[in-house]
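Trainee: Handing you this structure, nothing more for now.
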Amino acid sequence: MLNAPQDILTFIVSSTEDLAKQIEAMRPGQRKAFSYANLVLCDPNVLTYSFALPDTTRANIRAKLNQEAVQLWSLPLGEIIFDHQVFSAIDNAMAGIFICTTRKVLNEYFHVLDKNKIIPLKVTLHSLASLEAFLQHHQPNGQKFCTLDFSRAGKITVSVFNGAQCDFIREIAYENAGEAKNEIVQSLRSACAKSHIKQFDCVYHFGEAAGKDEILVEIEQIFQTKIEAERSIDIAGAIVKSETFFTLNLARYYSLSLKKRDQIFKIMRAMAVTGLCVWGILVMVMFVNLRTMYKLKFSFTSADYEKAQALQKQIESQ
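Residue numbers (the numbering used here): 654 to 971.
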């Protein structure tokens with residue numbers, strides 16, 4: 654669990670059990686009546702893919718992605734949820750990325766958060782959050798580059814960028830460096846074949862997974878490009894920003910539980926009653942002050958005033 658700016662918690666978790674343990678381990682000072690959090694998932698049940706769909710418009714893109722998700726999960730449409738982001742729309746063809754999971758999996762995460770009075774602001778994948786942190790320091794600016802994320806053991810994320818457009822993204826699970834190397838090379842060649850990118854300006858890498866050096870040497874030889882390391886990746890600081898490169902967010906499917914709604918309504922009612930009491934007290938104080946001023950106004954006559962003036966002149970003349 655990481656602390657992000659503005660008191661927003663960030664949990665990087667691989668399962669609901671992992672999330673529950675991290676919440677339980679929080680210091681007492683971090684717990685509030687209601688907290689807000691960003692959830693970064695390393696869960697194999699939450700997937701991300703790039704897409705390139707011909708004959709597609711913004712009006713029917715969700716319908717087409719629905720079909721993709723149903724085929725991917727082999728489940729009824731009502732049991733699948735996803736979010737997508739379009740990077741290019743040219744000649745009735747759209748390209749971008751999407752993340753998807755089952756409603757059951759996401760609701761289990763929401764249940765753990767609800768139980769601990771935590772409201773999710775963003776739910777995203779670790780691969781996208783790491784890229785977001787990387788892009789905070791590397792603006793594309795027309796560059797054609799690849800990123801290799803070695804920050805998780807047993808899984809590498811490969812992405813290909815053509816300027817501000819993410820052409821390709823894939824998470825690769827592997828057991829050894831040789832297997833990972835072959836999958837990365839095939840992925841990059843496939844990405845180059847499907848796009849206008851035939852040569853990378855640079856390959857950036859971050860993370861310290863075992864076997865990384867062996868893989869990078871092979872990549873450099875095959876693609877004849879320079880290799881650069883990114884040493885620091887601040888996920889919590891990156892995803893909390895108001896403007897991010899990736900807009901994908903599964904938290905849009907979150908709704909407050911009935912119990913939490915009732916708690917919030919009780920707090921709001923208490924605040925309303927307190928406000929009315931304070932308003933009533935202020936009205937009473939104002940009324941008393943006005944009444945006192947009114948009494949003072951008529952507490953003396955003009956004769957009393959003239960007598961006071963004469964007395965003041967007499968005192969001054971002495």
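Think of the CB as a built atom: it goes at the ideal place given N, C-alpha and C, for glycine as much as any other residue.
With DSSP collapsed to three states, give me the class of G816.
Mentor: Coil, per DSSP.
Trainee: Taking just the CA atoms, how far does I920 sit from L911?
Mentor: Any reading at L911 is ruled out, since the residue's pLDDT is 45, under 50, leaving its predicted position unreliable.
Trainee: What ranges does the beta strand (DSSP E) occupy inside the region 687-711, keeping only unbroken runs of at least 3 residues that lie completely in it?
Mentor: Segments of the beta strand (DSSP E) lying fully in the region 687-711: 688-694 and 700-706.
Trainee: On the three-state DSSP scale, how would you describe L901?
Mentor: Residue state, collapsed to three classes: coil.
Trainee: Considering only the alpha carbon of each residue, which of L929, V893 and E828 lies closest to K775?
Mentor: The shortest C-alpha separation from K775 is found at V893.
Trainee: Using the Cβ count rule (16 or more neighbours within 10 Å means buried), how would you classify H858?
Mentor: By the 10 Å Cβ count, H858 comes out buried.
Trainee: For the candidate residues P729, I665 and I750, whose alpha-carbon lies nearest to that of K757?
Mentor: For K757, the nearest C-alpha among the options comes from P729.
Trainee: So the candidates are V699, P697, V693 and L718; which of them puts its Cα closest to the Cα of A705?
Mentor: Checked all of V699, P697, V693 and L718; the closest Cα to A705 is L718.
Trainee: On the CB-based measure, 16 or more other CB atoms within 10 Å of its CB, does H779 come out buried or exposed?
Mentor: The residue is buried, with at least 16 neighbouring Cβ atoms inside 10 Å.
Trainee: Taking 8 Å as the limit between beta carbons, can you name the residues of its chain near A690, skipping five residues before and five after?
Mentor: Counting only Cβ-Cβ distances below 8 Å, and skipping sequence neighbours, we find I661, L662, T663, F664, L766, I771, I772, P773 and L774.
Trainee: Under three-state DSSP, which class holds Q962?
Mentor: Reduced to three states, the DSSP call for Q962 is helix.
Trainee: So, does the region 796-813 touch the region 924-938, judging by three or more C-beta pairs under 8 Å?
Mentor: Cβ pair count under 8 Å is below three, so no.
Trainee: Should A748 go down as buried or exposed, given a rule of 16 or more other Cβ atoms within 10 Å for buried?
Mentor: It is buried - the Cβ of A748 has at least 16 other Cβ atoms within 10 Å.
Trainee: Would you check if the distance between the CB atom of I752 and the CB atom of D736 is smaller than 7 Å?
Mentor: Yes.
Trainee: Is it right to say K851 is buried, meaning 16 or more other beta carbons lie within 10 angstroms of its own, or is it exposed?
Mentor: When all chains shown are included, K851 counts as exposed.
Trainee: Using 7 Å as the threshold, is the C-beta distance between I880 and A786 below it?
Mentor: No.
Trainee: Following the continuous alpha helix (DSSP H) through E871, name the residue where it begins and the one where it ends.
Mentor: Unbroken alpha helix (DSSP H) run through E871: K865 to F876.
Trainee: Rounding to the nearest angstrom, what Cα-Cα distance links P658 and V693 in this structure?
Mentor: Since pLDDT at P658 reaches only 47, below the 50 mark, its modelled position is unreliable, and no value is offered.
Trainee: Going straight from the alpha carbon of Q839 to that of Q724, what length do you get?
Mentor: Distance between the alpha carbons of Q839 and Q724 is about 23 Å.
Trainee: Roughly how many angstroms lie between the CA atoms of V813 and A846, to the nearest whole one?
Mentor: For V813 and A846, the distance between alpha carbons rounds to 12 Å.
Trainee: Helix, strand or coil: how does DSSP classify L784 here?
Mentor: Here L784 sits in helix by DSSP.
Trainee: Quick one, are the C-beta atoms of D802 and G860 less than 7 Å apart?
Mentor: In this structure, G860 lies closer than 7 Å to D802 by Cβ.
Trainee: Please report the straight-line C-alpha distance between L759 and V941, rounded to a whole angstrom.
Mentor: If you take the alpha carbons of L759 and V941, they lie about 58 Å apart.
Trainee: Quick check on P729: does DSSP put it in helix, strand or coil?
Mentor: Reduced to three states, the DSSP call for P729 is coil.
Trainee: Within 10 Å of its beta-carbon, does R922 have 16 or more other beta-carbons around it, so buried, or fewer, so exposed?
Mentor: Exposed.
Trainee: For the candidate residues F763, G731, H791 and Y762, whose alpha-carbon lies nearest to that of T897?
Mentor: Checking every option, the nearest Cα to that of T897 belongs to H791.
Trainee: On the CB-based measure, 16 or more other CB atoms within 10 Å of its CB, does R823 come out buried or exposed?
Mentor: Looking at its Cβ environment, which holds 16 or more other Cβ atoms inside 10 Å, R823 is buried.
Trainee: Please report the residue range of the beta strand (DSSP E) in which H764 lies.
Mentor: Note, H764: premise wrong, no beta strand (DSSP E); alpha helix (DSSP H) at R756 to K768.
Trainee: For G831, does the three-state DSSP call read helix, strand or coil?
Mentor: Helix at G831.
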